[in-house]
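Whatever position you read off the sequence shown (first residue = 1), add 2 for our numbering. Ideal Cβ placement from N, Cα and C applies to all residues, glycine included.
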Amino acid sequence: MNNKDLSLMANAIRALSIDAIEKAKSGHPGMPLGMADVATVLFTKFLKFDPSSPDWIDRDRFILSAGHGSMLLYAISHLVGYKDSSIKQIKSFRQLGSKTAGHPEYGLLKCIETTTGPLGQGLANAVGMAIAEKILNQKYGNLINHKTYVIAGDGCLMEGISHEAISIAGHMKLKNLIVFFDDNKISIDGSTNLTCSDDQKKRFIASNWNTIEIDGHSYESIENGIKNAIKSNKPTLVLCKTTIGYGSPNKSGKETSHGSPLGSDEAKLTKKNLNWDYKSFEVPKIIKEKWLKVGLKGKKKRTSWEKKLSESSFSNKIKNQFKNKKINRDNKTQDFLKKIIETNKPEATRKSSQNTLEFLSTKINNFIGGSADLTGSNLTKTKYSIIKNKDINYIHYGIREHLMAAAMNGIAVHKGFIPYGGTFLVFSDYCKNAIRLSAMMKKQVIYVLTHDSIGLGEDGPTHQPIEHLVALRSIPNLLVFRPCDAIETFESWEMAINTFNSPSAIILSRQNLPLLRNKIDSNRVMYGGYFLKSTSEAKLTIIATGSEVSIAVEVSKILKEQFNFNSNVVSMPSIELFEKQSEKYKDKILGNKPRLVIEAASSYSWHKYLNKKDLIVSIDTFGESGKAEDLFNFFGFNTKNIVGLIKKNFL
Numbered sequence: 003m004n005n006k007d008l009s010l011m012a013n014a015i016r017a018l019s020i021d022a023i024e025k026a027k028s029g030h031p032g033m034p035l036g037m038a039d040v041a042t043v044l045f046t047k048f049l050k051f052d053p054s055s056p057d058w059i060d061r062d063r064f065i066l067s068a069g070h071g072s073m074l075l076y077a078i079s080h081l082v083g084y085k086d087s088s089i090k091q092i093k094s095f096r097q098l099g100s101k102t103a104g105h106p107e108y109g110l111l112k113c114i115e116t117t118t119g120p121l122g123q124g125l126a127n128a129v130g131m132a133i134a135e136k137i138l139n140q141k142y143g144n145l146i147n148h149k150t151y152v153i154a155g156d157g158c159l160m161e162g163i164s165h166e167a168i169s170i171a172g173h174m175k176l177k178n179l180i181v182f183f184d185d186n187k188i189s190i191d192g193s194t195n196l197t198c199s200d201d202q203k204k205r206f207i208a209s210n211w212n213t214i215e216i217d218g219h220s221y222e223s224i225e226n227g228i229k230n231a232i233k234s235n236k237p238t239l240v241l242c243k244t245t246i247g248y249g250s251p252n253k254s255g256k257e258t259s260h261g262s263p264l265g266s267d268e269a270k271l272t273k274k275n276l277n278w279d280y281k282s283f284e285v286p287k288i289i290k291e292k293w294l295k296v297g298l299k300g301k302k303k304r305t306s307w308e309k310k311l312s313e314s315s316f317s318n319k320i321k322n323q324f325k326n327k328k329i330n331r332d333n334k335t336q337d338f339l340k341k342i343i344e345t346n347k348p349e350a351t352r353k354s355s356q357n358t359l360e361f362l363s364t365k366i367n368n369f370i371g372g373s374a375d376l377t378g379s380n381l382t383k384t385k386y387s388i389i390k391n392k393d394i395n396y397i398h399y400g401i402r403e404h405l406m407a408a409a410m411n412g413i414a415v416h417k418g419f420i421p422y423g424g425t426f427l428v429f430s431d432y433c434k435n436a437i438r439l440s441a442m443m444k445k446q447v448i449y450v451l452t453h454d455s456i457g458l459g460e461d462g463p464t465h466q467p468i469e470h471l472v473a474l475r476s477i478p479n480l481l482v483f484r485p486c487d488a489i490e491t492f493e494s495w496e497m498a499i500n501t502f503n504s505p506s507a508i509i510l511s512r513q514n515l516p517l518l519r520n521k522i523d524s525n526r527v528m529y530g531g532y533f534l535k536s537t538s539e540a541k542l543t544i545i546a547t548g549s550e551v552s553i554a555v556e557v558s559k560i561l562k563e564q565f566n567f568n569s570n571v572v573s574m575p576s577i578e579l580f581e582k583q584s585e586k587y588k589d590k591i592l593g594n595k596p597r598l599v600i601e602a603a604s605s606y607s608w609h610k611y612l613n614k615k616d617l618i619v620s621i622d623t624f625g626e627s628g629k630a631e632d633l634f635n636f637f638g639f640n641t642k643n644i645v646g647l648i649k650k651n652f653l
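In structure tokens, the structure reads:
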């Protein structure tokens with residue numbers, strides 16, 4: 003295609019973007035207008051994709067990290083022939099019920115590889131995708147060999163997560179990761195000079211990246227830049243000198259073109275300036291046909307790849323790699339659980355988790371684990387973990403919690419692995435944005451969050467989570483598990499692996515906990531809450547989670563022995579799963595007698611289950627530094643205090 007063709011095709015992107023944003027009366031025209039030339043060269047000459055088979059495993063991934071420029075992606079997907087990207091969807095941009103949301107949302111359109119919007123997330127997701135591609139390439143050779151392309155703006159590179167992302171990408175030499183930096187020197191407040199003096203080129207070089215500077219409006223410069231990027235043995239930053247709002251006579255190069263429609267008059271002037279003399283949403287047949295040919299070109303590559311796959315000795319292994327893995331209990335599972343009961347020793351649930359992972363790794367062949375520099379504390383590594391060579395299945399993420407969480411999202415949307423990663427529960431705050439997106443995208447990502455309460459002890463209140471369980475439980479579609487012993491820990495992992503449309507957070511103790519369960523005939527955690535001890539003569543229901551369940555059991559025992567006062571004990575490892583049960587089941591478990599909740603965390607999760615006279619033993623202050631046992635006594639998490647409360651209020 004010659005420059006005239008490319009110019010017409012780029013202007014088709016610009017025109018559709020202008021029209022959709024004007025019709026919606028909201029949106030961000032600046033980036034689609036500014037990056038249309040780069041995107042046109044990328045899609046027409048380099049990107050490997052097939053709109054007729056959008057889930058092709060070996061396609062290149064295109065990530066719009068600067069998600070506010072979503073019309074760039076929507077316009078291209080319509081032009082190249084994605085069936086779900088109709089002109090009707092373009093006209094419905096940003097409207098309720100449309101698939102063309104304000105920011106790209108995974109699952110709405112087939113062209114969308116990941117949900118982007120919070121700046122920097124797409125870049126970090128792309129690192130995860132590139133990690134997945136590299137590992138699979140090492141394992142299966144050129145059958146898996148694709149690029150991950152990213153468009154990132156000033157905002158993406160200002161966000162802290164960007165440094166975590168570029169640092170690990172450079173360290174891991176993710177050569178198939180290519181990032182286009184929309185270097186237009188403008189952010190919402192105005193010139194980036196207001197806030198930034200960074201030399202992005204030197205910054206990326208310092209992180210072991212290849213860097214290339216191009217003119218983002220010269221087709222030769224763009225093409226040569228991408229060719230050189232492809233040859234690199236490092237990840238590449240392509241610094242694209244662009245003009246935000248390119249083509250707009252009065253708003254180009256200004257912040258006014260960033261986040262608002264150009265306006266009716268300016269839209270007309272811009273189209274005139276671009277020599278685009280067509281009606282709104284009209285793309286001439288000759289230009290549309292050129293774009294459709296781009297889409298059709300990928301079909302030949304895809305069918306050729308499928309033939310190559312079918313003839314390969316890796317064919318079945320690759321297909322199996324990308325299948326959802328559900329685990330079923332068998333004789334080996336029963337033996338594993340029986341051994342826990344026979345051994346019957348106190349054990350930190352973080353250690354129970356490691357033991358479970360080790361066992362499950364004999365059943366699941368596509369785990370990819372990791373930890374944010376806390377491997378020895380989170381206990382996320384097993385004897386089956388491999389950190390080198392072609393069968394790598396464990397990543398040392400470094401002290402990069404936010405990157406780890408976001409990269410796991412990238413691995414999950416790339417597909418081929420079940421990602422899990424560990425850090426302390428208190429540092430889930432660093433991961434929060436990415437965890438939220440895991441849940442929004444309905445992806446199977448498993449967060450292993452240890453050191454779950456004041457029970458971690460001497461590290462003190464900065465490391466003792468208080469409000470974190472509430473924060474995680476408040477995220478829609480996130481399953482939160484806080485198991486009380488080794489059996490519940492196994493069952494939590496079992497649920498996390500067998501749940502394909504939700505991420506899971508498994509909350510684990512540092513301190514040893516007694517074994518409370520001896521029935522292993524079925525998974526009880528699946529109900530969210532269940533009777534650990536029950537009697538028809540109960541006058542009180544005691545509800546607890548995690549390390550406090552053993553306290554609840556002891557309290558119940560003392561009440562019976564000393565006061566002949568009967569009580570039910572309910573273990574509630576997952577409020578989310580409990581809420582999914584029938585009203586009849588929930589009423590049965592909660593009962594109609596007084597209730598007492600025990601949890602060494604903020605009380606805010608529990609008020610919906612409590613009546614006016616019910617009690618809760620919780621922590622609504624920050625912790626203290628001291629030994630775990632001393633802290634539990636100090637904050638009243640002991641049988642003496644709790645029995646006293648029950649005696650005072652219910653006996």
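Applying the 10 Å Cβ sphere with the 16-neighbour rule, what's the burial state of E496?
buried
Assuming contact is defined by CB atoms lying nearer than 8 Å, are L376 and K353 in contact in what I supplied?
no
Between M574 and I545, what straight-line distance do the alpha-carbon atoms span, to the nearest angstrom?
7 Å
Between the Cα of L66 and the Cα atoms of I23, V152 and I437, which residue gives the shortest distance?
Checked all of I23, V152 and I437; the closest Cα to L66 is V152.
For the candidate residues I168, L542 and N479, whose alpha-carbon lies nearest to that of G400?
I168
So what's F324 in DSSP terms, helix, strand or just coil?
coil
Other residues of its chain near P286: CB distance less than 7 Å, five sequence neighbours each side excluded:
Y280
I'd like to confirm the pairing. Which residues does DSSP put opposite T659 in its beta bridges?
Beyond the ends of the chain as shown, which are 3 and 653, falls residue 659; an answer cannot be given.
Where G638 and I644 are concerned, what is the direct C-alpha to C-alpha distance, given to the nearest angstrom?
7 Å
What are the boundary residues of the beta strand (DSSP E) that N212 is part of?
N212 to D217
Of all the options M37, P31 and K27, which has the alpha carbon lying nearest to the alpha carbon of K9?
Here residue 9 is Ser; the residue named in the question, Lys, does not match the sequence. Cα-wise, what sits closest to S9 is M37.
Roughly how far, in whole angstroms, is the beta-carbon of I413 from the beta-carbon of G130, given that I think they are within contact range, below 8 Å?
4 Å
Length of the line joining the Cα atoms of T623 and F369:
38 Å
Strictly by DSSP, which residues pair up with V482?
A507
Cβ distance (whole Å) where F652 is taken to contact L542 below 8 Å:
6 Å
What separation, rounded to the nearest whole angstrom, lies between the Cα atoms of S455 and L439?
Taking the straight line joining both Cα atoms gives about 25 Å.
Every unbroken alpha helix (DSSP H) within the region 569-652, with a cutoff of 4 residues, ordered by chain
577-581, 585-592, 630-636 and 641-652
Going by C-alpha to C-alpha distance, which of T384, L427, E490 and V415 sits closest to A441?
V415
So, with DSSP's three-state summary, where would you put D57?
coil
Between the beta-carbon of N178 and the beta-carbon of E135, is there less than 8 Å?
It is a contact, given that the beta carbons lie within the stated cut-off.
For D62 and L75, believed in contact at Cβ under 8 Å, the rounded distance:
That pair is no contact at about 14 Å.
If you reduce the DSSP assignment to three classes, tell me which class R664 lands in.
In the structure as shown, the chain starts at 3 and stops at 653, and residue 664 therefore has no counterpart that could be examined.
Would DSSP call V285 helix, strand or coil?
coil
Spatial neighbours of A350 in its chain, beta-carbon cut-off 8 Å, leaving aside the 5 residues before and after:
L510, S511, R512, Q513, N514 and L515
Rounded C-beta distance between P505 and G548? I'm assuming under 8 Å.
Rounded, the Cβ-Cβ distance is 19 Å, inconsistent with contact.
Going by Cα to Cα distance, which pick from S72, I59, N479 and L534 is closest to R304?
I59
In three-state DSSP terms, what is E222?
In the structure shown, E222 sits in a helix (DSSP, three-state: H, G or I).
If I measure Cβ to Cβ from K365 and keep anything under 7 Å in the same chain, skipping five residues before and after, which residues do I get?
I329
Going by C-alpha distance, which of F64, N635, F636 and R597 is nearest I618?
R597
I want to see whether chain D comes within less than 8 Å of K27, judged by CB atoms only; does it?
Although the question refers to chain D, the structure presented lacks it and comprises just one protein chain.
If I measure Cβ to Cβ from L451 and keep anything under 6 Å in the same chain, skipping five residues before and after, which residues do I get?
L427, S430, A507 and I509
Could you check what DSSP says for N500 in three-state terms: helix, strand or coil?
helix
Check whether the region 178-190 and the region 229-244 touch, using three or more Cβ-Cβ pairs below 8 Å as the test.
yes
Identify the continuous alpha helix (DSSP H) that holds H470 and give its terminal residues.
In this chain, the alpha helix (DSSP H) harbouring H470 covers H470 to R475.
Excluding sequence positions up to five away, which residues of its chain have a Cβ less than 7 Å from the Cβ of K385?
E360
Could you pull the start and end residues of the beta strand (DSSP E) that S430 belongs to?
The continuous stretches of beta strand (DSSP E) do not include S430, which lies in the alpha helix (DSSP H) extending over residues S430 to M443.
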